[in-house]
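Below you'll find the structure, written out as structure tokens, and then a few comments.
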């Protein structure tokens, strides 16, 4: 659970490595707003890493830089030689995660269609994934006919359909109620246990970060820097009420909001 | 509970009054009034008009029947509209996705757009003369239908339909939610795939709205064009010709047909819109 464990585990394969990555936005008024500063981060194969930080810290920007959806101003993003960033990354967003004019089946099959997988095969694979995320029977439903939790289940299936090496998730459960959120967290842990897809999961919810993570990256400050990297070795399933959980929670909370009175 | 059912009943009764009783009362007043006035060349009775509508194949003077003239008008509109739809959607998609092209062309479009399509008719007749679709297809001998599809008419229909279709398509293609583009890109879509799988379907509600407005405009334009000097067929022509010959029952029959056809076109396009773009406004 200590930051020291980070180094000792570095023998593990790194799939993507960020060195001194910085990003600055220019506001409408022309002011330079630095968002990220010298971020060093190794994303290791098979790990479920959560990135936690207050709203507006630049967590999504970090994800976008990794996904190649926007370019870093400083530093480098180096993928492992085995990783094709263009085709082996998948993204799950918080909103607008599905194309509204396609039903669940066609949404899940979309990535396969883009790769010119023949129709019968992609429908078969999509149907199997829909079953796996617990949406069996809703293949023909349109996104607006689904509840928030069901939509995110479909979005996860859509992202996994292309068998990505890295799954990037940007607050995917951010707008769900607590019960649904807990259900989806459970499902994600189970999917990760089965597929071992390297996952980078961004959230502002500390509970969520601890429940899911093999490792937590804490982002804080303006511009954001990595405050800590914490390997979480609490046994699963994790209980929010356990002593270790609460201690870790307070530790991260104090890092994110350092001005608050420490316990 | 009881109050609610009585309220529902009240609404139902109001609907019956609006849809049946009021129109029927007006028809009765018209029937009685027109019969008492006794001037059918000025104000025919509803019964006289209905008897004309009940015989759509009856030949009126040398100008054909209600059915044949409606058919000619519809044919003109469908051909002109098809060309306008093709051109408007294609140029609109290009202008909506290529910002530079839009900057180059939009000012010209905005200058030409407010100009009424009918204002183009004298120019179109001067340019195309009496040439019809038959001449365009290079057929030598007389063709009873193709000869009625004058290029000048097609041109003004095209102008009428083109601009609403173009402007709506541009709006649709350029106003796409960037999130959907990002989603497709993150799943590995290239530029061309984004166009076919995201831009086009996302713009579909706007494109179909453009087509609906365009078709309505085309139908208005052709009626006006057929009433102008030089026309010798079409429902607009028959309407004018019958009035000049004091056959007001035929004229009003033409009016009924024009309104009904326009209404049916609108209804069909709306059905289309509802069926294919029911997701619109519910994105999440």
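Residue numbers (the numbering used here), protein chains in the order written: chain H, 1 to 263; chain L, 264 to 547.
Quick reminder that beta carbons are idealized off the backbone N, C-alpha and C, glycines included.
Check the Cβ of residue i against every Cβ in chain L and list those closer than 7 Å, keeping chain order.
i: residue 205 of chain H; result: Within chain L, no residue comes near residue 205 of chain H; the closest Cβ sits about 21 Å away, beyond 7 Å.
i: residue 115 of chain H; result: 451
Under the assumption that residue i contacts residue j (Cβ atoms under 8 Å), give the Cβ distance between them as a whole number of angstroms.
i: residue 52 of chain H; j: residue 209 of chain H; result: 4 Å
i: residue 516 of chain L; j: residue 335 of chain L; result: Not quite, the Cβ-Cβ distance comes to about 16 Å (not below 8 Å), so this is no contact.
i: residue 114 of chain H; j: residue 315 of chain L; result: Actually they do not touch by this definition, with Cβ atoms about 59 Å apart.
i: residue 213 of chain H; j: residue 48 of chain H; result: 6 Å
i: residue 126 of chain H; j: residue 109 of chain H; result: 4 Å
i: residue 162 of chain H; j: residue 111 of chain H; result: 4 Å
i: residue 425 of chain L; j: residue 351 of chain L; result: 5 Å
i: residue 94 of chain H; j: residue 177 of chain H; result: With a Cβ gap of about 14 Å, residue 94 of chain H and residue 177 of chain H do not count as contacting.
i: residue 490 of chain L; j: residue 502 of chain L; result: 7 Å
i: residue 148 of chain H; j: residue 175 of chain H; result: 6 Å
i: residue 69 of chain H; j: residue 16 of chain H; result: Between residue 16 of chain H and residue 69 of chain H the Cβ distance is about 14 Å, and since that is not below 8 Å, they are no contact.
i: residue 167 of chain H; j: residue 198 of chain H; result: 7 Å
Please list the partners that residue i has in chain L, where partner means a Cβ-to-Cβ separation under 8 Å.
i: residue 97 of chain H; result: 446
Which residues in chain H sit within 7 Å of residue i, going by Cβ to Cβ distance?
i: residue 542 of chain L; result: 100, 101, 142, 144
i: residue 538 of chain L; result: Going along chain H, no residue has its Cβ under 7 Å from residue 538 of chain L, so there is no contact; the nearest lies around 12 Å.
i: residue 456 of chain L; result: 114
i: residue 302 of chain L; result: Residues of chain H passing the Cβ test: none, with the nearest at roughly 58 Å.
For the beta strand (DSSP E) that contains residue i, what are its first and last residues?
i: residue 512 of chain L; result: Not the beta strand (DSSP E): residue 512 of chain L falls in the alpha helix (DSSP H), residues 511–539.
i: residue 91 of chain H; result: 89–92
i: residue 168 of chain H; result: 166–170
What are the start and end residues of the alpha helix (DSSP H) that includes residue i?
i: residue 292 of chain L; result: 285–300
i: residue 159 of chain H; result: 148–160
i: residue 108 of chain H; result: 104–108
i: residue 232 of chain L; result: Absent from the model: residue 232 of chain L. The displayed extent of chain L is 264 to 547, so no value can be given.
i: residue 489 of chain L; result: 463–489
i: residue 189 of chain H; result: 178–195
i: residue 129 of chain H; result: 119–132
i: residue 313 of chain L; result: 309–316
i: residue 455 of chain L; result: 454–457
Which bits of chain H does residue i rub up against, with CB to CB less than 9 Å?
i: residue 489 of chain L; result: Ordered by position in chain H, no residue passes the 9 Å Cβ test against residue 489 of chain L, which lies about 39 Å from the chain.
i: residue 486 of chain L; result: In chain order: nothing, as chain H lies at least about 36 Å away.
i: residue 322 of chain L; result: Ordered by position in chain H, no residue passes the 9 Å Cβ test against residue 322 of chain L, which lies about 50 Å from the chain.
Can you pull the chain H residues whose beta carbon is under 8 Å from the beta carbon of residue i, in chain order?
i: residue 292 of chain L; result: Neighbours of residue 292 of chain L on chain H: none; closest Cβ ~49 Å, over 8 Å.
Can you check whether the C-beta of residue i is within less than 8 Å of a C-beta belonging to chain A?
i: residue 46 of chain H; result: Note that chain A does not occur in the displayed structure, where the protein chains are H and L.
* Return the residues of the stretch 62–93 of chain H that lie within a Cβ-Cβ distance of less than 8 Å from chain L, sorted by chain order. => 67, 69, 86, 87, 89, 90, 91, 93
* **Within the stretch 356–443 of chain L, ranges of the alpha helix (DSSP H) (whole runs, at least 4 residues)** => 362–375, 384–391, 396–400, 414–437
* **Residues of the stretch 419–446 of chain L whose Cβ lies closer than 8 Å to any Cβ of chain H, in chain order** => 440, 442, 443, 445, 446
* Asked: Using a Cβ cut-off of 7 Å, which residues of the stretch 104–137 of chain H contact any Cβ in chain L, in chain order?
  -> 110, 111, 114, 115
* **Continuous beta strand (DSSP E) assignments of at least 3 residues falling wholly in the stretch 8–83 of chain H** => 14–26, 32–44, 48–52, 74–79
* Going along the stretch 151–166 of chain H in order, which residues come within less than 8 Å of chain L, judged by CB to CB distance? -> 151, 158, 159, 162
* Listed from N- to C-terminal order along the chain, which residues in the stretch 267–279 of chain L have their beta-carbon within a distance smaller than 9 Å of any beta-carbon of chain H? -> Result list empty, no residue passes.
* **Contact set between the stretch 462–474 of chain L and chain H, restricted to residues whose Cβ is under 8 Å from the partner** => Per Cβ criterion, the list reads 464, 465, 467.
* To do: Please specify which runs of the beta strand (DSSP E), each continuous and at least 3 residues long, are wholly inside the stretch 204–263 of chain H, giving them in chain order.
  => 215–220, 225–231
* Proximal residues, the stretch 369–402 of chain L versus chain H, C-beta separation under 9 Å -> none
* Asked: Mind listing which residues of the stretch 501–520 of chain L have their C-beta closer than 7 Å to chain H's C-betas, in chain order?
  -> none
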